[in-house]
Structures are given as C-alpha cells and as structure tokens.
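2 protein chains.
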Amino acid sequence: MAEKDWKECLKSLKGVVLDMCGVLYDSGEGGGIPIPGSVEAVKRLKASDLQLRFCTNETQATRERFVAKLKRMGFDISVSEVFSPAPAALAILKERNLRPHLLVHDDVLPEFEDVEKTDPNCVVIGDAADRFSYQNLNDAFQVLIQLEKPVLFSLGRGRYYKETDGLKLDVGVYMKALEYACDVEAEVVGKPAPMFFQSVLTDMGIQPQQALMIGDDLINDVGGAQNCGMRGLQVRTGKYRINHNHANTECSAITRMPPSCSSHHSAGDSAYI
Amino acid sequence: MAEKDWKECLKSLKGVVLDMCGVLYDSGEGGGIPIPGSVEAVKRLKASDLQLRFCTNETQATRERFVAKLKRMGFDISVSEVFSPAPAALAILKERNLRPHLLVHDDVLPEFEDVEKTDPNCVVIGDAADRFSYQNLNDAFQVLIQLEKPVLFSLGRGRYYKETDGLKLDVGVYMKALEYACDVEAEVVGKPAPMFFQSVLTDMGIQPQQALMIGDDLINDVGGAQNCGMRGLQVRTGKYRINHNHANTECSAITRMPPSCSSHHSAGDSAYI
Chain A
283 MAEKDWKECL KSLKGVVLDM CGVLYDSGEG GGIPIPGSVE AVKRLKASDL
333 QLRFCTNETQ ATRERFVAKL KRMGFDISVS EVFSPAPAAL AILKERNLRP
383 HLLVHDDVLP EFEDVEKTDP NCVVIGDAAD RFSYQNLNDA FQVLIQLEKP
433 VLFSLGRGRY YKETDGLKLD VGVYMKALEY ACDVEAEVVG KPAPMFFQSV
483 LTDMGIQPQQ ALMIGDDLIN DVGGAQNCGM RGLQVRTGKY RINHNHANTE
533 CSAITRMPPS CSSHHSAGDS AYI
Chain B
283 MAEKDWKECL KSLKGVVLDM CGVLYDSGEG GGIPIPGSVE AVKRLKASDL
333 QLRFCTNETQ ATRERFVAKL KRMGFDISVS EVFSPAPAAL AILKERNLRP
383 HLLVHDDVLP EFEDVEKTDP NCVVIGDAAD RFSYQNLNDA FQVLIQLEKP
433 VLFSLGRGRY YKETDGLKLD VGVYMKALEY ACDVEAEVVG KPAPMFFQSV
483 LTDMGIQPQQ ALMIGDDLIN DVGGAQNCGM RGLQVRTGKY RINHNHANTE
533 CSAITRMPPS CSSHHSAGDS AYI
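As structure tokens, this is what we get:
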C-alpha cells in the first residue's frame, strides 16, 4: 500500500482488532511470553480514540482463564473485549438444538458445561493438542460417520502456531482429517468465518471499512478480515517468518502501530491492506 | 453391467487381483477373521486357469508377517504373490536417494531397515494406528516444514477400514492432515496409484483389460484399477455397507465369483466394471 493510501485508511479508522497469539505474545510452557513492546502498544491504543477488541482462535482455555493469563503478562485487557470461538460455538449449538461430542482441550471444557452432550448429533473440535490421540480422533470419527448428515464444527482452521519450543499443529489439520474421513465440510467457528468478524464489528458499532485487523496469519486474520470489508495488516512476528520463508525479515508491527500508525509494515510482502 | 457385457469381460480375463482386508478377512484383535467362503474362493481361483495376485494397502506388518497371518487363517498364499506399499516405497526411496522420517506402525519398521534415516529429507506415513499421536504427527510435520520442498509419501490414501470392533481411521486421513499443514501434495504409494497396479500387471505379464480387480473400496480398488484400464468389481463385504448407506444389501462377492463368475454383483449399485 502506498503511503498516501495508508494515510487515507488511517483517517477513516475507528477501531482496531488485534489477534493475540503471535501478535501480543508467543505461547509456550508456563503460558508463553509477551512479544517485546506489545504491552505498551496495547496501552497506547487504549489511550487513543480508537476502539479496541481482541479476536483470537485460542481454544486451549476458557476465555476467563485466557484473559487472566494475558493480565499476568501485563496486558490491560478484560473478558468483554475478547472474542473467541468457544462461546460463539456454544451459542450456535443452543440455537440449533445440537448435542456435541467434544474433542477439545480439557481446559476449554467448562465453556460447554451448559449444553446437553448425551446421544451426540454433531462433533466440535478445538485445539486439543495432546488430546488429539488416534483413539480420540477415531471416537469423533465414529460419531460423525454414524450420523445421516454429519455435522462438524471446527473452532478455527489454523494450520499451525508457534510455541516457544517450536511450531505446533493447530486444529485445522484435524478438521481436514475428519473432513476427508467423513466426506463432509466443517463449519468453521472463529476466524476466518465472516460471522465471527461481524460479531466484533457489531460490538464496536462500526462499519467494516472503519476497522483494521492486525494478525500474524495471512489467511485467518488478514484474509478473513478483508473478506468482510475490513482492512487487514500482517505483522512480522509469530508464525510470519515461516509462512513466507523470509528468514531474516524484521519483526513486530504491533509495537510500531497505532496511534502513530506508520506505513512501515506495508513496505514489504508482509502487509496486506 | 449387462449380463452380455459381463460374459464378454470374462472371456478375455486372464488374471484376477484381490484386495485383502474386507474381501478375504475382516481385521481386528488377534489378526482378524476370514470372511465366510473366502478361503474356498481363493482355492478355486488357484485351481483355475486364471492368474492370481493379492494387492493390499496393509502397512501394519511386514509382508512376511502379513502373509503368515493369512496362512494361519487358512489361505493358500505366498509372499511373492502379495503386493504391498512398503516394499514399493523402499524402492522409491533408494532410487531417489531419500532419507525418510518414518511415521509408520512398529511392525512394518523392519521393511525400512536398509535405508538411511539420519538427517531426513522426506516423510513416509503408513497406517500407524495408535502411533498417530499428536506428538508423532507434530514431529513429522516439523521435519516437513523445515524442508525447502517438503516431500511426503503416503502408503495408501484410504479413509477408514473395518475392524471387528468397528471402523478405524486409515492413513489417508493423516495424509490429508499433513498435506494441509504443509501445503503439499503427498505422493501415494500403493492403491490407487497407477504405478502400483502396473507393477502387478507386469508381474502377471498381462494387459490391463485382461485383469479384474476385486475390492471393497470404490476409490482405491475399483477406481484405481479402472484408471489403469483394468476391470474393477466392488464386493459387498468389508467397508461396503457404510460407503453407500445400504444397510441391508447382501454381502460377499468373492465367495460367488470366479471361476464360475456370475453377474450377481453387477445387479445393484455395488458393482462397477
């Protein structure tokens, strides 16, 4: 994007939506570590006139525990500002009278406490990590294949994410596995589903073109936002490097971003607005 | 297929290729159990003028151990008559100077004893069953994603198979998972790869149109064979029912097939020749 276009974009900007893992922090043992400068960047955004929301596909914890972790890292953040797939999925299940077989992380189970789970008529998968055993995936498969019309929900569709000790397979990989096994297409809850971004915009009360999504995932963050008419910007932290094999590109958009929004990060291949 | 066409097909027939799991036996605890009538059917085929080969995507054992199991079930069968993916993969690895990271069943590991495995530059996955843990799949992913041009071999691409205690996810599901994670396309070794069928035809010394493939998998057995110009026939045993949701269709082609080849099984949706 040329500097002129970037300035135009900033003029109409009323809200910023931040991805979290890979933008604010890198996950890993002990919960992960904040990316240098990100705590201050959130602080400055909050002090600005811009609205701010956080939008994550994190499904390894309840939203409450997840936000508590971010607070411990020093972030000024509250539960009501955070949009994550599990509460969105719960709303869909209740609306459609569905009883899920859950293949999710133990720590996100409390989000689904209130829903009937006996005699399941759909499957919900999240980032179950080590719970993605052969046995557990086979159990989910057996529920699906016995349904006349298999219904599969995937909490996000990411390929992988970065932890402090390396890259880890994300839920999208297992979504593809079950899609192939049962010849179905999963319904994605979370990014990049348009409904998910729309719920954030509705909450901010602004139009898509007034919002900027900042993330490290070109498909789920940037592409997803753009499909909704939002602006999207990819940071060079998190999983960025590996996606594009630019081993030596400089990092960190969020620390240099609004309120003094520079066009620094649109100079390379890394920014798509 | 009309009865007339079926008779024409039989006239030119010089060889029969049998899938094994779901056609000759159902796998499961203790190695599985023969499908009623199949031991006798193999015996009759061997007594006929037709050539006979066995073609399997089985990768949970070495060919030797696998054949020994079938012999214990009463089948007249020898190692040289059986075509399976692991020996075919080994030949490719050696030819292309590739060093595999193996994600396969423990019992098939001896097939790969002779190949260099340090500093891997490709990944080979087979039906690893319980070894398809999150950790093991992540290890394979990390090898692939670090390669400039990831090379993934999949020993078959089946979705699932039937064991005596229910349906089990097959290697194809994990192939899809790694394909998505790394944005690559796997090279399939085994059915339905044309090279695999061709090697069986070469061994029999006959033309594709002179050969009939009999299997329970519409894509890997019947479709794969047809893509090579062979005839293909789907039996109603093994995983057949579930594929087509014909809960009450009658079963077992192989027990009623050559040398007195009837057209019985071309009457329904189950036979594709």
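Here the protein sequences line up with chains A and B, keeping their order.
Residue numbering for the first sequence follows the working numbering, starting at 283 and increasing by one per position.
Residue numbering for the second sequence follows the working numbering, starting at 283 and increasing by one per position.
Here a beta-carbon is modelled for each residue, glycine too, at the ideal position from N, C-alpha and C.
These figures come from a predicted structure and were not determined experimentally.
Note to self: For chain B, check one thing: does any of its Cβ atoms lie closer than 7 Å to the Cβ of Asp-389 (chain A)?
What the structure shows: The C-beta of Asp-389 (chain A) comes no closer than 7 Å to any C-beta of chain B.
Item checked: Beta carbon proximity, Tyr-443 (chain B) to chain D, threshold 7 Å -> Here chain D cannot be found, since the structure's protein chains are A and B.
Next item on the list: Give, in chain order, every residue of the segment 384 to 412 of chain A whose Cβ lies closer than 7 Å to some Cβ of chain B.
Entry: Here the close residues are Ala-411 and Asp-412.
Item checked: chain A contacts from the segment 460 to 481 of chain B (Cβ-Cβ distance under 7 Å) -> Along the segment 460 to 481 of chain B, going in chain order, the ones with a CB nearer than 7 Å to a CB of chain A are Tyr-462 and Ala-463.
Margin query: I want to see whether chain A comes within less than 7 Å of Leu-451 (chain B), judged by CB atoms only; does it?
Written below: Yes, contact with chain A.
Margin query: Please report the straight-line C-alpha distance between Ile-560 (chain A) and Cys-303 (chain A), rounded to a whole angstrom.
Written below: The shown model of chain A, from 283 to 555, leaves out residue 560 (chain A), and the question about it has no answer.
Next item on the list: Give the secondary structure of Pro-402 (chain B) by DSSP, where H, G and I count as helix, E and B as strand, and everything else as coil.
Entry: In the structure shown, Pro-402 (chain B) sits in coil (DSSP, three-state: anything other than H, G, I, E or B).
Notebook entry, point to check: Going by C-alpha distance, which of A:Asp-421, A:Asn-418 and A:Phe-414 is nearest Asn-418 (chain B)?
Noted result: With distances taken between CA atoms, Asn-418 (chain B) lies nearest to A:Phe-414 out of A:Asp-421, A:Asn-418 and A:Phe-414.
Notebook entry, point to check: When DSSP labels each residue in this structure, what does Leu-292 (chain A) get in the three-state scheme?
Noted result: Correct three-state label for Leu-292 (chain A): helix.
Check: List, in order along the chain, the chain A residues whose C-beta lies closer than 8 Å to that of Gly-319 (chain B)?
Finding: Going along chain A, no residue has its Cβ under 8 Å from Gly-319 (chain B), so there is no contact; the nearest lies around 27 Å.
Margin query: I'd like to know whether the C-beta of Ser-415 (chain A) is nearer than 7 Å to at least one C-beta of chain B.
Written below: It does; some Cβ of chain B falls within 7 Å.
Notebook entry, point to check: Given Gly-511 (chain A), which residues of its chain have a CB within under 7 Å of its CB, disregarding the five upstream and five downstream residues?
Noted result: Cβ within range, chain order: Pro-490 and Gln-491.
Checklist line | Supposed contact pair Val-433 (chain A) and Cys-404 (chain A) - C-beta distance, whole angstroms, cut 8 Å | finding: Here Cys-404 (chain A) really is in contact with Val-433 (chain A); their C-beta atoms are around 4 Å apart, less than 8 Å.
Item checked: Unbroken beta strand (DSSP E) run spanning Cys-464 (chain B), endpoints -> Element bounds for Cys-464 (chain B): not the beta strand (DSSP E) but the alpha helix (DSSP H), 453 to 464.
Notebook entry, point to check: Excluding sequence positions up to five away, which residues of its chain have a Cβ less than 6 Å from the Cβ of Glu-445 (chain A)?
Noted result: Only Ser-309 and Gly-310 meet the Cβ criterion.
Margin query: With a threshold of 7 Å between beta-carbons, can Asn-420 (chain A) be considered close to chain B, or not?
Written below: So yes, Asn-420 (chain A) belongs to the interface.
Notebook entry, point to check: What did DSSP end up calling Glu-430 (chain A) once you bin it into helix, strand or coil?
Noted result: The three-state reading of DSSP puts Glu-430 (chain A) in coil, since its state is none of H, G, I, E or B.
Note to self: Please report the distance separating the alpha-carbon of Thr-338 (chain B) from that of Leu-332 (chain B).
What the structure shows: Roughly 19 Å between the two C-alpha positions.
Notebook entry, point to check: Less than 7 Å separating the beta-carbons of Val-299 (chain B) and Arg-345 (chain B)?
Noted result: Their beta carbons are not under 7 Å apart, which means Val-299 (chain B) does not touch Arg-345 (chain B) by this criterion.
Notebook entry, point to check: Residue range of the alpha helix (DSSP H) that Gln-480 (chain A) falls in?
Noted result: Start and end: 476 to 486.
Notebook entry, point to check: Are Ala-368 (chain B) and Val-390 (chain B) touching if we call contact CB-CB under 7 Å?
Noted result: In this structure, Val-390 (chain B) lies closer than 7 Å to Ala-368 (chain B) by Cβ.
Checklist line | Val-455 (chain A) versus B:Val-305, B:Cys-464, B:Asp-447 and B:Leu-306, residue with shortest Cα-Cα distance | finding: Sorting B:Val-305, B:Cys-464, B:Asp-447 and B:Leu-306 by C-alpha distance to the C-alpha of Val-455 (chain A) places B:Cys-464 at the top.
Margin query: Are the CB atoms of Gly-520 (chain A) and Pro-474 (chain A) within a distance shorter than 7 Å?
Written below: The Cβ atoms of Pro-474 (chain A) and Gly-520 (chain A) do not sit closer than 7 Å to each other.
Check: Between Gly-356 (chain A) and Val-321 (chain A), what straight-line distance do the alpha-carbon atoms span, to the nearest angstrom?
Finding: Computed Cα separation, rounded: 6 Å.
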